[in-house]
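In terms of UniProt numbering, the sequence shown opens at residue 1 and continues consecutively. Worksheet for the structure shown next.
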Amino acid sequence: MGLSAQKTFKKQVNNLVDVIRTMGNPFLDDFPELVTLDRRDCMDDAVAEAVVNLEQLGKKQYQDFVKAVIKDRTISITNPIKKNKLPLYGKRPSRAKSKQSKTITALQNNVALFAQLYIAMQSRDADLEEFFSHEVQGFPPSLSEFGNLRLPNAKSELMKCIIQPQQPEPPPTFDCRICDGAVIVHCLPVTGAITFDDYADKVFIPYLRGQDSRRVDVV
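The structure is reproduced here in structure tokens:
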């Protein structure tokens, strides 16, 4: 055993001794029920029965598997084995409440709070309009859902919040146009032009003169 393993073993033993000195030796206590060693929590009868019959259950399932898969060959060996959901020592995780139950609970709390505030208002002769101008919930329902940020169910709902920009219509005339000469040369047809002068006189220059603007710059 190495030095690191010795230090780890010594540390774990010291921790166990400290716990036993603080909480008592669990192995000396005689309980009629099945309890945990550290917290003395009493387990349910279903947990105790599952622990007692765990070995027999495992042997029975093994024999059934061998008989059905190897001997009788009624089940394929590739079929998945079902998981045993046995109640054990671990605490059961709390199930998340459904949205409907949360809504009902919130409404019940609002009704109870509203009744208490209304009775208090009547005894103090408060203003009824001012009373209804305040929220009775701890969060705004339009922005929050049970204390969490309310998110839309579908992405299409976000489009209602976005203002569609209006494209302005282009003006009929421009004061100045800036044209890319290299792009224009590649875009204009060259049909009927043999030389560069023919292309300039018949195609390029007429295209520039056809622009509806007071000034045309070619870059």
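Note that the Cβ used here is the ideal one computed from N, Cα and C, for glycine as well. Here the structure is a predicted model, which is why all the values come from computation and not from measurement.
- Boundaries of the beta strand (DSSP E) around V216: 213–218.
- Within the same chain, V136, Q137 come within 8 Å of N110 by CB-CB distance, once the 5 residues on both sides are set aside.
- Membership of C179 in any alpha helix (DSSP H) is not indicated; the residue belongs instead to the beta strand (DSSP E) covering 174–179.
- Per the coordinates, the alpha-carbon of A50 lies some 48 Å from the alpha-carbon of P140.
- Every alpha helix (DSSP H) of 4 residues or more that sits fully in the region 81–164 is shown, in chain order, as 99–124, 128–132.
- The Cβ atoms of R215 and C176 sit closer than 8 Å to each other.
- With contacts defined by Cβ atoms closer than 8 Å, K83 and F146 do not form a contacting pair.
- Between the alpha carbons of G210 and E169 lies a distance of about 21 Å.
- For D197, the enclosing alpha helix (DSSP H) covers residues 196–199.
- Straight across, the Cα-Cα distance linking I184 with S144 is about 56 Å.
- Remark: C-beta atoms of I178 and D212 do not approach each other more closely than 8 Å.
- In the DSSP annotation of this structure, E169 is not part of any alpha helix (DSSP H), being labelled neither H nor E.
- If you draw a straight line from the Cα of E129 to the Cα of Q166, it is about 42 Å long.
- Rounded to whole angstroms, the separation of the alpha carbons of V52 and D72 is 30 Å.
- DSSP places R21 in the helix class (H, G or I) of the three-state scheme.
- For I205, the uninterrupted alpha helix (DSSP H) segment begins and ends at 205–209.
- The continuous alpha helix (DSSP H) containing F65 extends over residues 54–65.
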